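Peer 1: I have a structure I would like to understand better, so I am pasting it below and will then ask my questions one at a time.
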Amino acid sequence: NAGVMQNPRHLVRRRGQEARLRCSPMKGHSHVYWYRQLPEEGLKFMVYLQKENIIDESGMPKERFSAEFPKEGPSILRIQQVVRGDSAAYFCASSPLRRQDNSPLHFGNGTRLTVT
Amino acid sequence: TQLLEQSPQFLSIQEGENLTVYCNSSSVFSSLQWYRQEPGEGPVLLVTVVTGGEVKKLKRLTFQFGDARKDSSLHITAAQPGDTGLYLCAGPTSGSARQLTFGSGTQLTVLP
Chain A
1 NAGVMQNPRH LVRRRGQEAR LRCSPMKGHS HVYWYRQLPE EGLKFMVYLQ KENIIDESGM
61 PKERFSAEFP KEGPSILRIQ QVVRGDSAAY FCASSPLRRQ DNSPLHFGNG TRLTVT
Chain B
1001 TQLLEQSPQF LSIQEGENLT VYCNSSSVFS SLQWYRQEPG EGPVLLVTVV TGGEVKKLKR
1061 LTFQFGDARK DSSLHITAAQ PGDTGLYLCA GPTSGSARQL TFGSGTQLTV LP
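Those sequence lines, one after another, are chains A and B. If you use our numbering, the first sequence corresponds to residues 1 to 116, in order. If you use our numbering, the second sequence corresponds to residues 1001 to 1112, in order.
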């Protein structure tokens, strides 16, 4: 499967624990985007990364959330000390180059985080 | 702040019926994209419209971009149960080609 791979598909965490969400972009893609989707809502941009660089994190909450895309390995979205409001579906998308207005985003199937 | 408002929020119809869903904004967008999202999956791009007044057809789906590039519509002819899903419109966020602004979607259910 050459698509965007996200794991785990489902993640349950208790309040206060840490959540780590992984995203492997499509082969040949070097740009990764993270979006969050709350129930019955559209997707909200969180962060845009290239290898070893955070390009735009304007949609990321200032506290508890961080993202990285190392030279080797998948992109990681990390949520520390999770709260119930963090429960959502987190989607990763990738593109081969810096995204232009009309170029498509290829989304993974998401990680559904449930905080109990 | 750019907003994309989609209507209706929910739509349930019988197989074979026609339907139209809408995506509206007070802001001008350089382009708009339509995605379909099925339960448990990520959004999949259906089409991108770029030119004001543009009409694109994808089998039974017809997409239109408003002349002023502030709105778009999706018309489905003879809907089938396989068309069931969440239809999302999205456009480039002003000032940032890296981000997409999404509407909240229309949840379509086509009953057999």
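For glycine and all other residues, C-beta sits at the position ideal for the given N, C-alpha and C. All figures in this text were calculated on a predicted structure; none of them were measured in a lab.
With a Cβ-Cβ cutoff of 8 Å, do residue 11 of chain A and residue 116 of chain A count as a contact?
Peer 2: The residue labelled residue 11 of chain A in the question sits at position 11 within the first sequence. The residue labelled residue 116 of chain A in the question sits at position 116 within the first sequence. No; because the gap between Cβ atoms is not below 8 Å, this pair is not in contact.
Peer 1: Consider the Cβ of residue 105 of chain A: report whether some Cβ of chain B lies at a distance smaller than 8 Å.
Peer 2: By 1-based counting over the first sequence, the position of residue 105 of chain A is 105. So yes, residue 105 of chain A belongs to the interface.
Peer 1: Which residues in chain A have a C-beta closer than 9 Å to the C-beta of residue 1014 of chain B? List them in chain order.
Peer 2: Locating residue 1014 of chain B in the second sequence gives position 14, where the first residue counts as 1. Chain A residues near residue 1014 of chain B: none, gap ~23 Å exceeds 9 Å.
Peer 1: I'd like the ranges of any alpha helix (DSSP H) spanning at least 4 consecutive residues and lying wholly in the stretch 1042 to 1092 of chain B.
Peer 2: none
Peer 1: So, do the stretch 1004 to 1023 of chain B and the stretch 70 to 83 of chain A have three or more beta carbon pairs nearer to each other than 8 Å?
Peer 2: no
Peer 1: By the 10 Å Cβ neighbour count, where 16 or more other Cβ atoms means buried, how is residue 1067 of chain B classified, buried or exposed?
Peer 2: As a first step, residue 1067 of chain B is located in the second sequence; it is residue number 67 there, counting from the start. Counting Cβ neighbours within 10 Å, residue 1067 of chain B comes out exposed, since fewer than 16 surround it.
Peer 1: Let's see if you can read the secondary structure: which residues bound the beta strand (DSSP E) around residue 1024 of chain B?
Peer 2: Sequence index remark: in the second sequence, residue 1024 of chain B carries index 24 (1-based). Note, residue 1024 of chain B: beta strand (DSSP E), 1019 to 1024.
Peer 1: Consider the Cβ of residue 18 of chain A: report whether some Cβ of chain B lies at a distance smaller than 8 Å.
Peer 2: Here residue 18 of chain A refers to the residue found at position 18 when the first sequence is read from its first residue. Output row for residue 18 of chain A: interface = no.
Peer 1: For residue 67 of chain A and residue 108 of chain A, I'd like the C-alpha separation in whole angstroms.
Peer 2: Against the first sequence, residue 67 of chain A aligns to sequence position 67. Against the first sequence, residue 108 of chain A aligns to sequence position 108. Answer to the nearest angstrom: the Cα atoms are 17 Å apart.
Peer 1: Hey, could you find the ends of the beta strand (DSSP E) residue 94 of chain A is sitting in?
Peer 2: Counting from one through the first sequence, the residue named residue 94 of chain A turns up at place 94. Residue 94 of chain A -> beta strand (DSSP E) spans 88 to 95.
Peer 1: Just the C-alpha distance for residue 54 of chain A and residue 1106 of chain B, rounded to the nearest angstrom, thanks.
Peer 2: The residue you call residue 54 of chain A lines up with position 54 of the first sequence. The residue you call residue 1106 of chain B lines up with position 106 of the second sequence. When rounded, the distance between both Cα atoms is 32 Å.
Peer 1: For residue 1106 of chain B, write down the residues that DSSP places opposite it in a beta bridge.
Peer 2: Here residue 1106 of chain B refers to the residue found at position 106 of the second sequence. B:1087.
Peer 1: Can you tell me whether DSSP reads residue 64 of chain A as helix, strand or coil?
Peer 2: Counted from its first residue, the first sequence places residue 64 of chain A at position 64. DSSP places residue 64 of chain A in coil when its eight states are reduced to three.
Peer 1: Let's see if you can read the secondary structure: which residues bound the beta strand (DSSP E) around residue 38 of chain A?
Peer 2: Position 38 of the first sequence, counted from the start, is the residue given in the question as residue 38 of chain A. Careful: residue 38 of chain A lies outside any beta strand (DSSP E) and carries neither H nor E.
Peer 1: Given residue 65 of chain A, which residues of its chain have a CB within under 6 Å of its CB, disregarding the five upstream and five downstream residues?
Peer 2: Numbered from its first residue, the first sequence carries residue 65 of chain A at position 65. Cβ within range, chain order: 79.
Peer 1: Kindly say whether residue 48 of chain A, judged by its beta-carbon, lies nearer than 8 Å to any beta-carbon of chain B.
Peer 2: Counting from one through the first sequence, the residue named residue 48 of chain A turns up at place 48. Any Cβ of chain B closer than 8 Å to the Cβ of residue 48 of chain A would place that residue at the interface, and such an atom is present.
Peer 1: Examine chain B for any beta-carbon lying closer than 8 Å to the beta-carbon of residue 86 of chain A, and answer yes or no.
Peer 2: Numbered from 1 along the first sequence, position 86 holds the residue referred to as residue 86 of chain A. Not closer than 8 Å to any Cβ of chain B, the Cβ of residue 86 of chain A fails to qualify, so no.
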